[in-house]
Amino acid sequence: MSKKRKKIISVVGARPNFMKVAPMSREFAKYPKQFQHLILHTGQHYDANMSKVFFEELSIPKPDIYLGIGSGGHGEQTGKIMIEFEKICVQEKPDLILVYGDVNSTVAAALVAVKLHIPIGHVEAGLRSFDRAMPEEINRILTDSISDYLFTPSPDGDVNLRKEGVAKNKIFMVGDIMVDSLVFNRKKAAKLSVLPSLNLSPGAYALLTLHRPSNVDSQENMSRIFKALKVIGKKIPIVFPVHPRTKKMLDRFGLTKVPGIELVSPLGYLEFLNLMMNCKFVLSDSGGIQEETTVLGIPCLTLRDTTERPITLTHGTNTLVWHNPKKIIAEANKILRGQAKKGRLPDFWDGKTAKRIVKILKGL
Ligand code: UD1
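In our numbering, the protein residues as written are 4 to 367.
In structure tokens, the structure reads:
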């Protein structure tokens, strides 16, 4: 990459990508002579509250290119993104593409770029749950194996990549890009008045999110989780912003009216951050929320049996409870008794990850 001004396309598509591209976009904007940074949105997520609201609240520039792919089976969605993104790459001839996290848009864009011999940077590389039934795990393994610059959030990422034979000089431990957005927006989020509109008081409610196919697409697993939620909901109200995928399944399983659980529509980044920083604890099967709660020092009970973010268990406030009702209730009770897990911040989770990545790219 010797050209003077580098053209970089950041590819994003799904909700957890947006808070990762925001700090990168801000950092690239500081060096207009060195970088032309374009944002391509695949349209994997398209509802206003799953996409547009994040661009607005995080002040992400409007995407330069929008593919409008939408929902579909994994093959259909990945394939459609590849077909359209290939045309863009041929036309735009980027010097590098940046992909984020582990969603279908990530792997689709990386597959296109590698075949066109366009270098790839993967932001949030190296994470492994070692559970190949998770679509994200396949996306992570494939993306990392064809990326040229692997930006890892924590040392476990480096270890995983080295074990898979990735050359040391391709791996850069830069810290967690999600934390950049959290640090940047924390004060702004704290000023919002979200709690009164939901009749909640600080420290007196639990926050729930659920969207993993292994949980929400299975009536048996959902029933196990709700068995625990009904018990916990008697002790502390649970507020539940519902992902569209989950909404469909809750309707199907008749779980929309459960005492103690308040269902609300998906929230914007700032509103959700406000709810997270003020709650007693979080119950979730999300990836990123495990990291955010660790940074905020809020206990997190993760409704999964594995995590690709083990540092949140060893250093942070995270505990795996799977869909095991006994374990979920026992851990929630511990927190309610004042025996919540205390965590500490992993190295480089300091809000300066985008700066480190762009510094590396400037040196190429
Ligand atoms: C995707 C990611 C997952 C990430 C999650 C965050 C993959 C394989 N999965 O899962 O890693 O944690 O995003 O939200 O990429 N839908 C809407 N409106 C939207 C988007 C989706 O109604 O704007 C509904 C559609 O019915 C769709 C379903 O949600 O079929 C699932 O969407 P999809 O993007 O396939 O996967 P997610 O479950 O959102």
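Glycine is no exception: its CB is placed at the ideal position from the N, C-alpha and C atoms. Predicted, not measured: the structure shown is a model, and the values here were computed from it.
Quiz item: Would you say serine 217 touches the ligand UD1, meaning its beta carbon is less than 7 Å from a heavy atom?
Solution: Within the sequence shown, the letter at position 214 stands for residue 217. No, Cβ of serine 217 sits at least 7 Å from all heavy atoms of the ligand UD1.
Practice problem: Kindly examine the ligand UD1 and report whether one of its heavy atoms sits closer than 7 Å to the Cβ of glutamine 3. | Solution: This structure cannot settle anything about residue 3, because the visible part of the chain is limited to 4 through 367.
Quiz item: Does the stretch 209-228 come close enough to the stretch 280-291 to have 3 or more Cβ pairs within less than 8 Å?
Solution: Cβ pair count under 8 Å is three or more, so yes.
Quiz item: Does DSSP classify methionine 137 as helix, strand or coil?
Solution: Here residue 137 refers to the residue found at position 134 when the sequence shown is read from its first residue. DSSP places methionine 137 outside both helix and strand once states are collapsed to three, so it counts as coil.
Quiz item: Can you list, in chain order, the stretches of the beta strand (DSSP E) that have 3 or more residues and sit fully within the stretch 98-127?
Solution: Whole beta strand (DSSP E) segments, 3+ residues: 99-103, 123-126.
Exercise. Could you check the C-alpha separation between asparagine 281 and proline 205 for me, to the nearest Å?
Key: What you label residue 281 is simply residue 278 of the sequence shown in a count that begins at 1. What you label residue 205 is simply residue 202 of the sequence shown in a count that begins at 1. Cα-Cα distance, rounded: 5 Å.
Quiz item: When every heavy atom of the ligand UD1 is checked, does at least one fall within less than 7 Å of the C-beta of proline 19?
Solution: Position 16 of the sequence shown, counting from 1, holds the residue named residue 19. For the ligand UD1, at least one heavy atom lies less than 7 Å from the Cβ of proline 19.
Quiz item: Would you call glutamine 47 buried or exposed, if buried means 16 or more other Cβ atoms sit within 10 Å of its Cβ?
Solution: By 1-based counting over the sequence shown, the position of residue 47 is 44. Buried.
Quiz prompt | DSSP bridge partner residues for valine 267 (one or two, in chain order) | solution = If you number the sequence shown from 1, residue 267 lands on position 264. Beta-bridge partners assigned by DSSP to valine 267: Pro244.
Exercise. Taking only heavy atoms of the ligand UD1 into account, decide whether any of them is closer than 7 Å to the Cβ of histidine 214.
Key: If you number the sequence shown from 1, residue 214 lands on position 211. Within the cutoff, so yes.
Quiz item: To which residues of the same chain is leucine 316 closer than 8 Å at the C-beta, ignoring the five residues directly before and after it?
Solution: The count along the sequence shown starts at 1 and reaches residue 316 at position 313. Correct list, in chain order: Thr310, Thr322, Leu323.
Quiz item: Given 8 Å as the limit, is there contact between the stretch 141-161 and the stretch 325-339, that is, 3 or more CB pairs closer than that?
Solution: Taking a cut-off of 8 Å on C-beta distances, the stretch 141-161 does not touch the stretch 325-339, as fewer than three cross pairs fall below it.
Quiz prompt | Length-filtered (3 minimum) beta strand (DSSP E) runs lying within the stretch 208-258 | solution = With a minimum length of 3 residues, the continuous beta strand (DSSP E) runs that stay inside the stretch 208-258 are 209-212, 241-244.
Quiz item: histidine 125: beta carbon under 7 Å from a heavy atom of the ligand UD1?
Solution: The residue given as residue 125 occupies position 122 in the sequence shown. Outside the cutoff, so no.
Self-check item: Simplified DSSP assignment, three categories, for valine 324
Solution: What you label residue 324 is simply residue 321 of the sequence shown in a count that begins at 1. In this structure, valine 324 counts as coil in the three-state DSSP scheme.
Quiz item: Below 8 Å between beta carbons: does that hold for isoleucine 63 and serine 28?
Solution: Reading the sequence shown from its first residue, position 60 is the one you call residue 63. Reading the sequence shown from its first residue, position 25 is the one you call residue 28. Yes.
Self-check item: Identity of the residue in Pro97, Gly290, Val115 nearest glutamate 87 by Cα
Solution: Taking the sequence shown and counting its residues from 1, one reaches residue 87 at position 84. Among Pro97, Gly290, Val115, the Cα nearest to that of glutamate 87 is on Val115.
Quiz item: Expressed to the nearest angstrom, what Euclidean distance is found between the alpha-carbon atoms of proline 269 and lysine 7?
Solution: Counting from 1 along the sequence shown, the entry for residue 269 is found at position 266. Counting from 1 along the sequence shown, the entry for residue 7 is found at position 4. Distance between the alpha carbons of proline 269 and lysine 7 is about 43 Å.
Practice problem: Tell me whether glutamine 293 is buried or exposed, calling it buried when 16 or more other Cβ atoms sit within 10 Å of its Cβ. | Solution: Walking along the sequence shown from the start, residue 293 turns up at place 290. Residue environment analysis places glutamine 293 among the buried positions, since at least 16 neighbouring C-beta atoms fall within 10 angstroms of its C-beta.
Quiz item: Taking DSSP as the reference, what is the three-state secondary structure of histidine 77?
Solution: For this step, residue 77 is matched to residue 74 along the sequence shown. Three-state DSSP puts histidine 77 in a helix.
Practice problem: Go to methionine 27, then tell me how far its beta strand (DSSP E) extends in each direction, as first and last residue. | Solution: In the sequence shown, the residue the question calls residue 27 occupies position 24. Segment 18-31 is the alpha helix (DSSP H) holding methionine 27; no beta strand (DSSP E) there.
Quiz item: Any chance the stretch 178-187 sits against the stretch 14-32, with 3 or more Cβ pairs inside 8 Å?
Solution: Inter-segment contact for the stretch 178-187 and the stretch 14-32 is present: three or more beta-carbon pairs are separated by less than 8 Å.
Exercise. Quick one: give me the first and last residue of the alpha helix (DSSP H) that serine 13 is part of.
Key: Residue numbering aside, residue 13 sits at position 10 when the sequence shown is read from its first letter. Boundaries for serine 13: no alpha helix (DSSP H) harbours it, while the beta strand (DSSP E) harbouring it runs 9-15, taken from the DSSP string.
Self-check item: Per DSSP, the bridge partner or partners of leucine 286
Solution: Sequence index remark: in the sequence shown, residue 286 carries index 283 (1-based). Answer by DSSP bridge pairing, in chain order: Leu211, Leu304.
Practice problem: In the DSSP assignment, find the unbroken beta strand (DSSP E) run with phenylalanine 154 in it and report its ends. | Solution: Taking the sequence shown and counting its residues from 1, one reaches residue 154 at position 151. DSSP places phenylalanine 154 inside the beta strand (DSSP E), whose first and last residues are 152-155.
Quiz item: Between glutamate 139 and the ligand UD1, is the CB less than 7 Å from at least one heavy atom?
Solution: By 1-based counting over the sequence shown, the position of residue 139 is 136. Relative to the non-hydrogen atoms of the ligand UD1, the Cβ of glutamate 139 comes within a distance shorter than 7 Å of at least one.
Quiz prompt | Start-to-end residues for the beta strand (DSSP E) that takes in isoleucine 42 | solution = For the purposes of this step, residue 42 is identified with residue 39 of the sequence shown, where counting begins at 1. Per DSSP, isoleucine 42 belongs to the beta strand (DSSP E) from 38-44.
Quiz prompt | Inter-stretch contact (C-beta, 8 Å, three-pair minimum) for the stretch 168-176 and the stretch 143-153 | solution = Output reads yes: the stretch 143-153 touches the stretch 168-176.
Practice problem: Check isoleucine 63 in the structure and name its three-state DSSP category. | Solution: Here residue 63 refers to the residue found at position 60 when the sequence shown is read from its first residue. In this structure, DSSP gives isoleucine 63 a state outside helix and strand, which the three-state scheme calls coil.
Quiz item: By a C-beta neighbour count over all protein chains shown, 10 Å radius and 16 as the cutoff for buried, is threonine 259 buried or exposed?
Solution: What you label residue 259 is simply residue 256 of the sequence shown in a count that begins at 1. With fewer than 16 other Cβ atoms from the protein chains shown falling within 10 Å of its own Cβ, threonine 259 counts as exposed.
Quiz prompt | Residue(s) in a DSSP beta bridge with methionine 176 | solution = Residue numbering aside, residue 176 sits at position 173 when the sequence shown is read from its first letter. Its beta-bridge partners are Thr155.
Practice problem: With a threshold of 16 other CB atoms inside 10 Å of the CB of asparagine 202, please say whether the residue is buried or exposed. | Solution: The residue given as residue 202 occupies position 199 in the sequence shown. With fewer than 16 other Cβ atoms within 10 Å, it is exposed.
Quiz item: Would the C-beta of asparagine 224 count as close to the ligand UD1, meaning under 7 Å from any of its heavy atoms?
Solution: As a first step, residue 224 is located in the sequence shown; it is residue number 221 there, counting from the start. Taking 7 Å as the cut-off, one finds no heavy atom of the ligand UD1 near enough to the beta carbon of asparagine 224.
Quiz item: Can you give the Cα-Cα distance for asparagine 224 and arginine 135, rounded to whole angstroms?
Solution: Within the sequence shown, the letter at position 221 stands for residue 224. Within the sequence shown, the letter at position 132 stands for residue 135. Straight-line Cα distance between these residues: approximately 19 Å.
Self-check item: Three-state class that DSSP yields for tyrosine 34 in the structure shown
Solution: Sequence index remark: in the sequence shown, residue 34 carries index 31 (1-based). In this structure, tyrosine 34 counts as coil in the three-state DSSP scheme.
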